[in-house]
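As numbered in UniProt numbering, residues 1 to 1066 make up the sequence shown, in order.
Where a beta carbon is used, it is the ideal one built from N, C-alpha and C, also for glycine.
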Amino acid sequence: MCIETVDKPTVVGKSENNKKPVMDREEKDENGLRIRRIAGGCMIRNAPVFSPDGNTIYVVWDQTVRAFSVTTGEYVRDYEGARDDIVGIVINRNYPKILYACTRAGHVLGWKLESGVLQERREVLMNTRFTVDHFSILYDEYDDAKFLISGDSTKTIALIFCPTKWKIIETLPLKFDKPVSQILLAPGGDKLNYFAMITDDLWHWVTIKPRLQMFTKKHCNSVQTRVVTCHPTEDIVAIGDAIGRVVLYKNFLRTKKAVPETYHWHPNPVQCVVFSHTGTHFYSGGLERVLVKWTVGKQDAKDILPRLSDSVVQVAVAPENMKVALCTADNGIQILNALQRQTAVVQSFSRISDDFTGRNPYPIGIRVNPRTQTMILNGRIGCIQFFSTYSRSLLYTLDITLRNYNTLEQKKVIYNTVVTNVAVNAFWLATVENWNDNCYSAETRLKFWRYDESRQNYSLNTNVENVHVNGATGLEFSSTSKERDVLCASAGNDRCIKVWSLEEIEVTGGGEKLVWICVGRVDYKNLPVKSLSFSQDGSLLAGGFGNVLCAWNAETLRLKCVLSAPAGYDGSANRIVLSVPSKKKPVDKSQYLDKKAKVVQQLLEVLESKNASSLFKNVTPAKKKRFLENHTKPVSDLSNDEKKIVFKRVQLQNELTLLQKAELFHRLRIQCRTTGQMKYKIAEKLAKARDISTQSERHLQKILDDLCQNVKFRCKRKLRQYQRRNESAPNLSQFTSIFDADLRGDSCKLPKTVPQKSHPLKTTTQIRHIHFCHGEHSHLVVMCTENRLLVWNLLTLRIQVTVNLSVERIAIDSFTNLIAAFTADNELYIFLPNIPMPLYHRKNLPPVFGAAWIPRRFPKSQSLSVDWQAVSQLYFLNHNQELLHLVSDSDEESLGPVVYMNDVIGNGLPNTPFAAMLAKQHAGSGVQAGAANNAGRIGVAGKNSIKEIVASSAHTMAPISLLCKDFLRSLMIVAERQRDRDSASTAAIGNGSQTVSSAARNSNDASDDSDEETDESVEVKAKISARKAVLESVEKAQLKATRGAEKLDQDTMLRNLLEESVEIDF
């Protein structure tokens, strides 16, 4: 199966001519950091391949091939070693243990399926530039495998490559009569020795044996072709075209005349077609989000699988026809069984397909969930996705709009409801969704979602319709950890901020329910607001209205301060000062005032319509005539002959409309005689023209009414400035010429008019981003305008830092107060709010949709000046929808392999913290007693286990009530073993003491019965030594018993603690 190309997203407002070279992600900068991708990219550009047993699926991910389990959808392993993007992958059924791939640069690689070890690497064309576009496999009449490769070298060619001999067998130059926009190939069926090809509205088949020969046919009705695939066993070619048809061409190898057979259901262009392995059925998909299963030979027999997550891009069928891999445009792969029911999903990051609206695909950017430190981004249309950087996996997708998706149509843009704003804390989630087609009234909804502990997901709590006119621009919570005493603020295009609070209301049937209601509304001088933020303690609410920063008391909504930067500090001039040149000769002030009073008196006389004022006494007739000639130029009367000539000449001018001709005749005083019927026709035409003009005015007025107030304000201001700039300076000589020379004075000669130069339009500055700092810098507020970054100090009400930067995206770390600023010039600056010098600077970055700081699981003990990512790491999403971060070679945590939950750690146990603890317990059962003595202390034995439990995500763990007893019991196993060993040693000591005492008694009796030949001193010494040995044994036994009692007391305390109810909150 072949497909044309997957549309790549474009950055709104950026043209290709303005692109700057982007630094290679593997290239290190001067600080030793390089860009590394952890998720994203495109996994559905090429069709996936099933393993021979159908239990594993292989997916191309740029320069890597990834293997996933078909049963669970979990990651298995990577096949690495390619130095360029991979074009295609195949498995030779004669050698099923090798996975072959071909790169864009023309290198064929082979990996072992079981181990992932790169075994072979060969170059197709030695010492020749060769760009590969297609790579597939076909089998000849002897069931020998051959590779079909096509691409561009010095010319476009197709190659037949032998994988056993590693050499080219056949070469076919791809020459056509006219230039083509696409060349797509598909391998033919088994033992048929041909392959098919499509170019625009033509399709071709090429026979390999006995010789290479190409045949060409025109597609039905000369419709543009899109995809091509071949039947696995017969000479049948299936072609999908631009009008939604799938045409099967049969029997072309034997008769050289193709018989078409049309299957039509799709209203949009077909994007993929693939046959089953037996060839009795084939699948087709497109933009409708529907998979259609056809039966060959029966145009009306079809099965439809609707309501898929996104448009169908690729389809692959397992060898036994029992499973189908369905690739959708959201970068997901769905595994379907024979009944077309979903059994598994392979998806690591949801990709947003192009909806052709030209809008930002990620309007919410990247938000961080404080509960689990996961990322929240836009997902499929109307949904948001939760992505974990720790496990590098997609946790779940939440449908916000709860609406059906409107599929795309040809030559028409379809608008869907999208999520534009998100705010989150540990217990609540607030979202704003908007629908606007720029024609009808926009729809805006504010929804509050509450986190449900039992379901480990969010449930809808409050839905508010039309919260803001024409959408919202900002949404924030006042606290990230509170559940009840928390506020939420939303800013919109209606130039106001609304504050929402959690209140209890009575519901039908009794009882109370927590809902969100609007408790206040603030604005400032009807200026637009684009951003808002709460302080760390939630006491202050700041909003950026135009170029003014306003701060309110969050509880009372009382305005605390209004901050405006001096002229030029925020990137624009707030006022314009005109400097008028002074006169050469100073004028006496008293004389000037007398003349002014005289002129004012004359003007009052003229306005009151009294007798002729002295203002006009000195006006001569020549001056009056010259003044009138400048304004009115009457037309001299024409003779009848001249009028006839003018009338004929005007009638011959077809460029003039009837209205223009009538106005011209009226000005020249030409009267036309017409009949009554002609008069009626002229009047009807004039009325029709007037109606058309009225309709146009109404249409324009409707367009103006649909514009939002902010756009209207900016457009009207720009139009007014444009009109004022184009206005000619008033000719003051027309007014001063009527004044007397004595009144005017010789010293008041007017300067010559200087032509004005046009300047670019300037608008007022708009604050784009506002962020409060945290901790010791909580009194600082960071705000960004179009070309400035400013830091305000709310204690002194002064600007502390100002930087000339045009910031597009900004992220602040709540732990370290580090600020990451991505500029319009694709540069990154890392700095602290109180220090204007950057800690890190990097150029030539790709354009980003959003950025966020994620805290490390195990922070490093280094200062920020040494490693600014020691506490938190910076992640950003580029224009290719790839999630990237900056790493160094010494960063073992970032460069280390990802731990997946399906990996086993021994004894068949899954890779979880409690399974690891149990495995350690089993492994430590055979250790020596000396090594186990230190394990009896809780602070040492359970330290790592507790650390792993706390570091785990809450939603991935079992309920705490099920884990506490097992966890505490595991900590007591070592104590029980130690107690048993202590009791055994105590018993042994007791036996030893009895033996010593009996031996002493025997020695005493023997000494009494013996002869008196022994000396008395020897007896005394023996008795003393025996008594010392007994006393030492008794003291040791007592000491061991005391320690055993302490152990028993500790054991008893732990057991009592185990029986009590334990509540743990993470």
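Judged by their CB atoms, R450 and V467 are not nearer to each other than the 8 Å cut-off.
Between the region 366-385 and the region 489-505 there are fewer than three C-beta pairs closer than 8 Å, too few to call the two in contact.
The DSSP-derived three-state label of R714 is helix. Under DSSP, P855 forms a beta bridge with S872. Collapsing the DSSP output to three states places R842 in a strand.
In its chain, beyond the 5 residues on either side, V548 have a beta carbon closer than 6 Å to the beta carbon of S564. In the assembly as shown, C672 is an exposed residue. Its beta-carbon has fewer than 16 other beta-carbons within 10 Å. Contact annotation: C784 and V807 have beta-carbon atoms nearer than 8 Å.
Note on geometry: alpha-carbon atoms of Q881 and T462 lie some 32 Å from one another.
Runs of the beta strand (DSSP E) lying entirely within the region 479-558, each at least 3 residues long, are 487-492, 497-506, 512-522, 529-534, 540-545, 548-553 in chain order. C-alpha of W61 to C-alpha of P363: approximately 26 Å in a straight line. In the displayed model, G676 falls within a helix according to three-state DSSP. Taking the Cα of K525 as reference, the smallest distance to any Cα among A551, R558, R495 is reached at R495.
Of all alpha-carbon atoms in F427, E476, I98, the one lying nearest the alpha-carbon of E453 is that of F427. Note on geometry: alpha-carbon atoms of D200 and R720 lie some 51 Å from one another. Residue burial annotation: F275 is buried, with at least 16 other C-beta atoms found within 10 angstroms of its C-beta. Assignment of T431 by DSSP, reduced to helix, strand and coil, places it in the strand class. Here R558 has W552 as same chain residues with Cβ atoms under 7 Å from its own Cβ, once five neighbours each way along the sequence are excluded. Under DSSP, P232 forms no beta bridge with any residue. When the Cα atoms are used, T389 and K716 turn out to be separated by approximately 47 Å. Exposure of W166 is indicated by the presence of fewer than 16 other C-beta atoms within 10 angstroms of its C-beta. Spatial neighbours of Y79 in its own chain (CB-CB distance under 6 Å, excluding positions within 5 residues in sequence) are listed in chain order as V65, W111, G116.
DSSP lists K447 as the beta-bridge partner residues of N463.
Excluding residues up to 5 positions away in sequence, F772, C773, V791, W792, N793, L794, Q800, P833, N834 lie with their Cβ nearer than 8 Å to the Cβ of L780 in the same chain. In the DSSP assignment, the residues bridged to L148 are S136, I160. Between N268 and L291, the beta carbon gap of about 14 Å keeps them out of contact (Cβ cut-off 8 Å).
In the DSSP assignment, T199 falls within the beta strand (DSSP E) that extends over 194-199. If you look at E123, you'll find it in the beta strand (DSSP E) that goes 118-123. Separation of the CB atoms of V247 and C220 is rounded to 6 Å, and the pair is thereby assigned contact status at 8 Å.
Proximity to T56 across F386, A325, M197, F831 peaks at A325, based on C-alpha coordinates. For T255, the uninterrupted alpha helix (DSSP H) segment begins and ends at 252-255. Taking the Cα positions, T674 is about 32 Å away from E697. Going by DSSP, A472 is part of the beta strand (DSSP E) stretching over 472-477.
Taking 8 Å as the cut-off, the beta carbon of I91 is found no closer than this to the beta carbon of A101. Counting along the chain, the unbroken alpha helix (DSSP H) around L664 starts and ends at 658-667.
Residue environment for P361: buried (at least 16 other C-beta atoms within 10 angstroms of its C-beta).
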